[in-house]
Every structure is written in structure tokens, then in C-alpha cells.
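Novice: Protein sequences appear in the order of chains P and U. Take the first sequence: its position 118, counted from the start at 1, is 107 in the numbering used here, and no numbers get skipped. Take the second sequence: its position 384, counted from the start at 1, is 373 in the numbering used here, and no numbers get skipped. The beta-carbon is built from N, C-alpha and C at its ideal position, and this holds for glycine as well.
2 protein chains.
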Amino acid sequence: MPDIIEPRVLKGFRDYLPDAEQARNSLLSRLESVFRSFGFVPIDTPALEYAEILLGKGGGETDKQVYRFTDNGGREVALRFDLTVPFARFMAEHVEELYLPFRRYHMAKVWRGENTQRGRYREFMQCDFDIVGTDSASADADILLVIAQAIRALEAGKARIRVNHRALFNRFLARAGCLDKSVSILRSVDKIEKIGTGKTRELLTAEVGSGIADEILSFIEPGRDFETTLEKMASFCDKNDDEAMAAKQRLRDVYEIALAAGAAESLYLDPSITRGLDYYTGVVFETFLDDLPSIGSVCSGGRYNELAGLYTTRSLPGVGASVGLDRLLSAMEALKRPLRRDSLPRLLLANLGEAPESELHRIATALRFRGLSCEVYPEAKKLLNQYSFAQKKSIPFALLMDASSMGRQIYPLRDLERRSTREFSSLDELAEFLKATKA
Amino acid sequence: MPDIIEPRVLKGFRDYLPDAEQARNSLLSRLESVFRSFGFVPIDTPALEYAEILLGKGGGETDKQVYRFTDNGGREVALRFDLTVPFARFMAEHVEELYLPFRRYHMAKVWRGENTQRGRYREFMQCDFDIVGTDSASADADILLVIAQAIRALEAGKARIRVNHRALFNRFLARAGCLDKSVSILRSVDKIEKIGTGKTRELLTAEVGSGIADEILSFIEPGRDFETTLEKMASFCDKNDDEAMAAKQRLRDVYEIALAAGAAESLYLDPSITRGLDYYTGVVFETFLDDLPSIGSVCSGGRYNELAGLYTTRSLPGVGASVGLDRLLSAMEALKRPLRRDSLPRLLLANLGEAPESELHRIATALRFRGLSCEVYPEAKKLLNQYSFAQKKSIPFALLMDASSMGRQIYPLRDLERRSTREFSSLDELAEFLKATKA
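#1: Got a sec? Which residues, its chain only, sit under 6 Å from V225(U) by beta carbon, not counting five neighbours each side?
#2: Using the C-alpha atoms, what's the distance from V243(P) back to E21(P)?
#3: Does F386(U) have its Cβ less than 7 Å from a Cβ in chain P?
#4: Only counting the same chain, and skipping five residues up and downstream in sequence, which positions put a Cβ closer than 6 Å to that of R359(U)?
#5: Would you identify the three-state DSSP class for E82(P), choosing helix, strand or coil?
#6: For chain P, find out if any of its Cβ atoms is closer than 7 Å to the Cβ of V436(U); answer yes or no.
#7: According to DSSP, simplified to helix, strand and coil, what is A249(U)?
#8: To the nearest angstrom, report how far apart L43(P) and S171(P) are at their CA atoms.
#9: What is the rounded straight-line gap between the Cα of R411(U) and the Cα of Q398(U)?
#10: With 16 other CB atoms within 10 Å as the buried threshold, where does N340(P) fall?
#11: H95(U) bridges to which residues according to DSSP?
#12: Tell me whether G62(U) counts as near the ligand HEM, meaning its Cβ is closer than 6 Å to at least one heavy atom of that ligand.
#13: Under DSSP, the beta strand (DSSP E) around I150(P) begins and ends at which residues?
#14: In the DSSP assignment, what residue or residues form a beta bridge with L43(U)?
#15: Can you tell me whether P282(P) is buried or exposed? The criterion is at least 16 other CB atoms within 10 Å of its CB, across all chains shown.
#16: Compare the Cα-Cα distances from P306(P) to each of N229(P), F91(P), R213(P), S394(P) and report the closest residue.
#17: Name, in chain order, the residues that DSSP records as bridge partners for E65(P).
#18: Alpha carbon to alpha carbon, how far is S394(P) from P401(P)?
#19: Which residue's Cα is closest to the Cα of V55(U): G63(U), E65(U), F70(U)?
#20: Does the beta-carbon distance from S255(P) to A137(P) come in below 7 Å?
#21: Determine the DSSP secondary structure at A310(U), reduced to helix, strand or coil.
#22: Residues in its own chain within less than 7 Å of E50(U) by CB, not counting five upstream and five downstream?
#23: Can you find a CB in chain P that lies within less than 7 Å of the CB of R69(U)?
#24: Strictly by DSSP, which residues pair up with L364(U)?
#25: Return the residue from the list D60(P), L258(P), R241(P), D203(P) that minimises the CA-CA distance to G212(P).
#26: So, with DSSP's three-state summary, where would you put S409(U)?
#27: Nearest CA to the CA of S311(U): which residue from D117(U), P(-4)(U), L336(U), S15(U)?
#28: May I ask you to verify whether the region 145 to 164 of chain P touches the region 341 to 350 of chain P, counting CB pairs closer than 8 Å and requiring at least 3?
#29: Determine the direct distance from the alpha carbon of V23(P) to that of Q115(P), and round the result to whole angstroms.
#30: With 7 Å as the threshold, decide whether the Cβ of F2(P) is near any Cβ in chain U.
#31: Figure out for me which residue from G298(U), N61(U), V197(U) has the closest Cα to the Cα of N104(P).
#32: Short of 8 Å in beta carbon distance, which residues of its chain neighbour L134(P), apart from the five on each side in sequence? Order them along the chain.
#33: Throw me the rounded Cβ distance for the H83(P) and P31(P) pair, which I believe falls under 8 Å.
#34: Measuring straight from C-alpha to C-alpha, what distance separates Q407(P) and L372(P)?
#35: Just curious, the alpha helix (DSSP H) that G198(U) is in, first and last residue?
#36: For S289(P), which three-state DSSP category applies?
Here it is in C-alpha cells:
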């Protein structure tokens, strides 16, 4: 006998067993329906790219997080670590074959050799959606409407989409004379939920003095409603500052559209939302579930000026968001929204060893023709074994064709949870019943 | 200005632009519906695994086709090159958490550093489905029924599933006294379509002499129908050979089930089908489209005795098949079955700069609520630009809300292909019309 190799996966990598994979597929397919209903189309890019493309010239040689190697042809290659960089390369390469504005979604795996403590994985799926080629309130709003509709489609309860505008914050800092420190100020403000107001004031005071620190804290305090908050934020800026007033108008336009589309109640103007990443230039947003705010934002993003500046001189402004799939999946589980129900088979045709195999398959075929999922147990094992199989697979019903029911042309259906049996006199009736009891 | 990096993908890798990705998604989702209707459940495994797991102990060090490298933690790792080996590892690792028989499908990318001539890709998607944990005619037949139903669901015309049984061939060779040469004989027979009967006879004669060569050629000649062919094949075996007679019975049982399930007309018993791979032990099969036989088999597979012998001592017999996705996609295109229609948006809400943005989004929301996909053009560009955008995206209709239609509360719909406009007096009517004209 040959040596047995221990079956195991790499640290930070996961197998998806059917329950988990069905849940993930259901989540993705519901998201996909929403994306499509707004005209977004799917794309895909290679898992492996030139290291130079993914990491930039000369960049990344110290980045331990990237899976990078030399292929058999001597090329420096790397596994993608996000979907944003490949999308930028994709747009630069294909913009002439496409149309603008280009709405795309991309659901695919990425790889990062991260520290696997604290539930981080080295292989995980990302889900990004963007509208590229337009700098308009309509596009900004569409991204927010997609998020609101996705939360609805997932039946994940109420959600708050916290919105802000980078320029409004920056122009306020400009008026206050500390725009040069904006990056570190944004970073400190970003921590406020984690470290509290007192600690944030300390950080800010150390950087810009207590007067401006208090002004910043006052700026980021939300008002009663969207309008009030917006007016308050604008009041911190110079009224003659065109950029600030354009940002104010943009937020107002986005809110108007959300109102018209019935999504305004999910929208909160939150001046403390900044998103750490440098490349955002306009609206930014994060999404929190009312029933589970602690898991953090389940969908975040914003507007950027240049998607593909590394690869093309063509200007490609855009707005987009990234769905936190792992977070959403945990949330759905915690909220007891059993996603995988979507795709479960409904019926096991038990094999009692009395009806011919071919007869079981004839019935199964007829039921599938009527739109039902079902499967034939392939061997005449003990009935209890077959029941236990059905239970493990969450199949709620078993059809028990024996010599007697074959002869009488009836269909005895066992409800495996209630442990009761009911007879049907035709396949149509049986199919109707099973459809009506659909989970 | 920083240096621009040339946007490009690695040789043998592909971007999927929306048309291609929509076609692929439609294909996958139709296959998935069929798998589910037979009780198959999805799984997923990591793209990256220990090299030892994928290549065996000491094996594969010379295999140039495998993307293999040392990760940042010093582990020898490799990208999966098929879905069979990871599935074997998966079953060995998780069999106790699962149930048997286990029906799974797996659609995922694999990577091979192959020569990219002749349309071979280094990254491509595989789609495998198997039933593990049973050696039964019922399971063998289910795999064939899935194939027949998948061809139907894809509207790919008629297909021939060519079936054979490895044991029947082998027991015939045993009787003829040349079982020891079965591997090379099978290989020669496998080439017959490519090299012709004459050349195959030459190869066989060189191996086993002309008498047995002729007997082999006679054995692999199909008869009038399934039954006749089966009887003829059995007549080449020893009647007291239990293994041969069991194989004959298995093929007959499978055929009975296919008859009962209405799939017998796709099933052809073809004694020349052998499948090159060593691990098949029972039924083997290949699938050819009647309208496009030249593209080769679009779905092949067979029964194997041991799935996971490398990783466990537990016996896991199974039967399964692999769908040739790239071939099927080319076939669907050649047969003019435009898969991507499934997922196209139907309507562009043109932006004439007269209706408020929020009004366009209000209408779009109302139409989505009625089950339609649509998108709002985000800027008031020239109408011709918007029409050209819709055409490039294959959107057939545009809604033209201007000041007049806003005032009169009517909905002017432009048929972009026929260049005609029609007015609707309510959103319900508009939605009904668009649904009724669904591609």
C-alpha cells in the first residue's frame, strides 16, 4: 500500500462544503440580480498577472502580502490581491472596445498572504461594482440605490448608508488653514468610533491645536437630518469656495434622487465618514446593518478621479463600492436568514428495493419536468439510512414507492420532519403539493 | 507625469469582456439549474494547495505545466491544474462531515502552463460533477441523464452520448489473451477517429498480430441499436466470465433507466469509446453534438473505483463527468444560440436634460419594482451619443422623457432598432409591453 498523504489545506485557505457554498452562491446570485436590474454587466480578469501591472514599477518588492513568483517562462507574476487594480488595467486596455459610462460588477477570488490571526483569510472573494466614465450625481446615487436595494433583496433588515463628501471636509480644513495635514486628520477622525471622542480630540489637538480640534469635532457631529447636517457642514466652509459649494450641491442632488427612488430613509449624511484610502475625491460611504452594526460596514466605497492613471493618460473618473461578502454572510447567519434554502432539493425518491430502478427514475424525470428538484437514492439500503441521508442533506420529503403503491399507482409521501405519510393519486398533485410547501 | 505601464495580460490568459462573461455566466447558470434539479450540491476548494497534495509525494518536479512556487512562509505550493485531485483530497478530508452518496458539482478555474498554440489557454474554467460513495447503475444513469438534460436546457440540438464499459473491453481482451497489452490497445483504439481504421489495424497488428487485431476491430464496430451492440460485445467474451456478464448487465440496467427517463434516444453504445485515462473502471462516455460533431466531446467521464486512494484508506467509488465549457461556448456561438440574452438590460432611460434627474430615477425604480432591468443615462449628452451607447450595450429600447412628456404624464418609448416611437399612458402598460417583447 502506498503512503497516505495527509489531506489538508494551506493555513488561511478554506474548503467550502455544500452548506457554506450554497449560502455563498445564494448571496452572490441575489446581489447579481440587483446589479443587473441597474444595468451593470459582469467582467472577469485573470487571477495571475504581471507583477509589474499589479504592484507598479519597482513597487511591491517588500510586500509580503502578495503571492509573487517567477513562472516557468521566467516572467515575474503575482496573484491579484484585489479587484481594483485589475479593473484599472482592464479599463485602460479595453476602453476603446467598450462604451462609457461603463457599469460593471466583478465577483472573484483574491489572494493575500496576510497574518491569519483574527479571522483573516489568505483566499477570499471580493465583489466590486463601479460606474466609470462619468462624474455625475446620477451615477453617485445609482451606487447608493444599488446598495439599498441589495440590502432589501437580502432581507437583511434596515440599514444605514453613511455618506459624506471628501471635498466638503477638505475645503473646511482649507478654510481652517490645515489642509496640509488633511491625511493625518482624516486618519484620526476615522478612528473616532474605535477610540472615542476624548482620545480623538487629544490626537487632533496634538496636530492642529485645541481650537481647530474642537472645530473639527463640531464639524463631524451629525445634525437632525440630511438637510440640517448638510447646511451645518457647509457653514464651516467659505461661502465663496466654489469647490465646497459644488460638493454641497452634489450631496443635495444625490439626496434628491434617493428621495425620488424611495431610498432616502437609508441615507445618513455623516461628516465623520472619511474612508482611509487616498484615491477617493468625492462622495464616500459605508453601510451598517441596524440589527448588527458591530460587524462593521458591509459595503463601502466612493468616487475617485482617476481609475487607471498608471496605465493610460485617458481620464476615467468613476464611483464604486465593494461588498464585504464574508461579513454579509456572517450577518445573514447571525440574523437567521438561511440563504441556502434557495437551492435545496425538495424530495428524495427512496429506494425500497421493490419498485424497479427505472420506475424511480421515470417518476423523478416527470417531477423535474414539473419544475421540482429531486434525487433518486441509488441503492436499496435500509430505509433508516436513507432517512438519515435526507436529514443530513436537509431534504424535507421522501417518496416511498413500494410494490403496493406501484400496483395501486399511488404516491406515498413521507414528511420527514413531522414523521407523517400522505398519499397522492397523481404526479401532478404531488408536484403541486411540494411546490406549495416550498421553504 | 509618471511612466505609463503598458496594460496587458499574460500569454494564455484572457480578460472576459461583458459579452463573453455574460455568455459564460448564462451557460454556467443553466448547467447549475440542471445539476440542482438532480440533487447535486456545489462545493469549492482553494486555488492554491500544498504541491505534495496536488502532485503526490516526489511527483511532479518535472511537470512544467504546473504553476508551482515557494510561498512567503517557505511552503511548496501549486495552483490547481484540475478539479479532480482537489476533490479527491476534499472527500478524504471531509467524508465524515458529509453524507454518502455525495453528489457535487464544482465550477472553477484551473491553471496549466501549457503551450498556448492551438487555442490552449493557461487559465480556464472546469465544470465537474460526480456521485461518490455508490457503485450502482442508478448513479451511472443519473450522470448520463444530467448530460442529456443539460444539452436540452442549452437548446444545443440533438446529441449523442457514446457509452461503453471498460470491463467488457478488458474481459474480451482477457479472453483473447492480450489483457497485458490493454493500455496500449486502448490507446490505439482511442485514435481510430483521428487516424482511420487502416492505420489503427496496423498499430494493433504490430502489437497483437493480425488475427486479434481484426477481432478487436470487429468488437469495436457498433451494431444496429443498443441491444444488438450489447449482445455482440458480450459474444466476444467468455459466457462464464462473471465480470464480463456483470458489465453487460450494468449497461443494460443503465439503458433501462435511460429509456424510462426519456433519454434513451441520446444514448449510443459505442465499443470504441475507451477514454485514455487509467483510472476509469466501469462505464465511460463522451458526448457529441449532432450539429457540430467536429468540435469533439463536450462532456466526458466515467466510473472509477477509488477517488481518493492517495489520501485515505477509505473506499470511495464514484462516477462523474467533466463539461467542456470552452467547447460548449464555441458551439453555442457557432449554432447561434445567443446565451447572453438572458442577462441584458432592456431599457435605457435617456437623459434629455429636461426631466429632473430624480424623476428619471423615480421611473427606473418603479420599473425595477415591476421586474424590469433598466438604467438611467447619467448625463445630458447628445441623444445620438446615448442611442449609440444603447446600441453598443445591446439595449433595445430608450425612454425619452422630455418637458412635454413630463407635463402630459406620458411615457414615450423609442424602439432603437425599428426607429419608431410609441407612447404609453402608464408605467404598468410600459412595463407590460417591455416584458412581452423580452428577447
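Specialist: Reading it off the structure:
#1: In the sequence under discussion, the amino acid at residue 225(U) is Phe, which differs from the Val named in the question. For F225(U), where only same-chain residues beyond five positions count, the Cβ hits under 6 Å are F161, F208.
#2: 23 Å
#3: no
#4: A420
#5: helix
#6: The structure shown does not extend to residue 436(U), since chain U is modelled only from -10 to 428, so the question has no answer here.
#7: helix
#8: 28 Å
#9: 14 Å
#10: buried
#11: D117(U)
#12: Ligands are entirely absent from the displayed structure, and the ligand HEM is therefore not among its contents.
#13: 148 to 154
#14: Partner(s): none; L43(U) has no beta bridge.
#15: exposed
#16: F91(P)
#17: T59(P)
#18: 7 Å
#19: F70(U)
#20: yes
#21: strand
#22: Residue placement at E50(U) is flagged as unreliable, the pLDDT there being 49, under the threshold of 50; a coordinate-derived value is accordingly withheld.
#23: no
#24: In the sequence as presented, Leu is not what sits at residue 364(U); that position holds Glu. E364(U) is bridged to L337(U).
#25: L258(P)
#26: strand
#27: D117(U)
#28: no
#29: 16 Å
#30: yes
#31: N61(U)
#32: F27, I246, A247, A250, A252
#33: About 14 Å separates the two Cβ atoms, so there is no contact after all.
#34: Checking the sequence shown, residue 407(P) turns out to be Arg, not Gln. Cα to Cα, the separation comes out at about 16 Å.
#35: 181 to 208
#36: strand
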